[in-house]
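Working notes, beginning with the structure itself.
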Amino acid sequence: MTWIKICGNTNAEDAQAAVQAGANALGFVFYDKSKRFVSVDTVKSIVAELPLKVEKIGVFVNETVEGIQKIVSETGLTAVQLHGDEDAEFSRALFRALSKDLRRPIIFRTCAAHIFDKPADQSVGWDPVTSGLVEPDEAYKGKRVQKIHVAQNGDLFLETHGFRPGIITGVLLDSSNSNQRGGTGQAFDWERVQPWAGIINSISKLIVAGGLHAGNVQEAIHILHPWGVDVSTGVESAPGKKDRNKIRAFVEAVRAADESD
2 MTWIKICGNT NAEDAQAAVQ AGANALGFVF YDKSKRFVSV DTVKSIVAEL PLKVEKIGVF
62 VNETVEGIQK IVSETGLTAV QLHGDEDAEF SRALFRALSK DLRRPIIFRT CAAHIFDKPA
122 DQSVGWDPVT SGLVEPDEAY KGKRVQKIHV AQNGDLFLET HGFRPGIITG VLLDSSNSNQ
182 RGGTGQAFDW ERVQPWAGII NSISKLIVAG GLHAGNVQEA IHILHPWGVD VSTGVESAPG
242 KKDRNKIRAF VEAVRAADES D
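Quick note on this note's numbering: the sequence shown kicks off at 2 and runs consecutively.
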């Protein structure tokens, strides 16, 4: 069953509507340049009324490890989503810091989908190690995808090394532009990204975001087969204000896609 995250929540009413509709996770944006920015006190009061089974995720952009750890501790968040320029070293430091409050810290890493949206005759290099998805370990009996290359005929070539799972729980593919980190309401080209989606799914949990709504989420699921989906703009009546009917329609569309697969 596809995991569903409703992101950009700013008030208790919207959060409860998402839970009642069947969302598995709620996202709260701690980035002051976002139209969906929320304060620590607001999130603390919202989280206090949410069921334990619902994941409460804080979205951060280039925040410090100490700043994230403090907010998680004060609000009761259960997971973190890194949406900036954080590297694997930062993620490892954050994992250690969050271990003080969370038994097994959950860290999601946002990745701009356009990185993978390249013509088949161009070589694309992407290293899961620098993303924190896996850790080098030659003694480990698994394999690490070190680089992904695409030939002119569309075939994938993988350079592999030993690896062990890293501290990143999942990768969130999102649309972005030079002026906005996510929340654009624009979908990326799922067909062109599809070859890489399978690779990401093989080493982590793939979450698809970017321009999703009730009318297109089933197609995205059928093409990319993600572990989860993330929506914000697609279930809003205005930035930061959710529409209960759109939330319900989105969740129903995801579940319909699950049943048809």
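Idealized CB from N, CA, C, for every residue including glycine.
Cβ-based burial, residue i [other Cβ within 10 Å; buried from 16]
i	result
P52	exposed
D241	The amino acid at residue 241 is misidentified as Asp; the sequence shows Gly. Under this definition G241 is a buried residue.
K34	exposed
D259	exposed
K6	buried
R37	buried
E253	exposed
R110	buried
E64	buried
K243	buried
G229	buried
G235	buried
G167	buried
G199	exposed
E87	buried
S40	exposed
G216	exposed
D262	exposed
S176	buried
Reduced DSSP category for residue i - H, G, I as helix; E, B as strand; rest coil
i	result
S1	Residue 1 lies beyond the residue range present for the chain, which begins at 2 and ends at 262; the question has no answer from this structure.
F109	strand
D259	helix
I7	strand
L103	coil
G68	helix
A22	helix
N202	helix
D15	helix
L95	helix
K45	helix
A215	coil
I222	helix
Q187	coil
P52	coil
F251	helix
Distance CB(residue i)-CB(residue j) smaller than 8 Å
i	j	result
K1	A80	There is no way to answer for residue 1, as the model of the chain reaches only from 2 to 262.
V73	Y32	no
V209	F251	no
L27	N10	yes
L213	G171	no
A89	V66	no
A18	I248	yes
A221	W197	no
Presumed contact (8 Å Cβ cut-off) between residue i and residue j, rounded CB distance
i	j	result
C8	S233	4 Å
S92	L78	At roughly 16 Å, the Cβ-Cβ gap does not stay under 8 Å, so S92 and L78 are not in contact.
N202	H226	7 Å
V30	T76	Actually they do not touch by this definition, with Cβ atoms about 13 Å apart.
G23	A114	Actually they are not in contact, since the Cβ atoms of G23 and A114 sit about 26 Å apart, beyond 8 Å.
Bridge partner(s) assigned by DSSP for residue i
i	result
G59	F29 and V81
F38	V30
D231	K6
I208	L173 and G229
K243	E237
Residue i beta carbon near the ligand GDP (any heavy atom closer than 7 Å)
i	result
S203	The ligand GDP is absent from the structure shown, which contains no ligand whatsoever.
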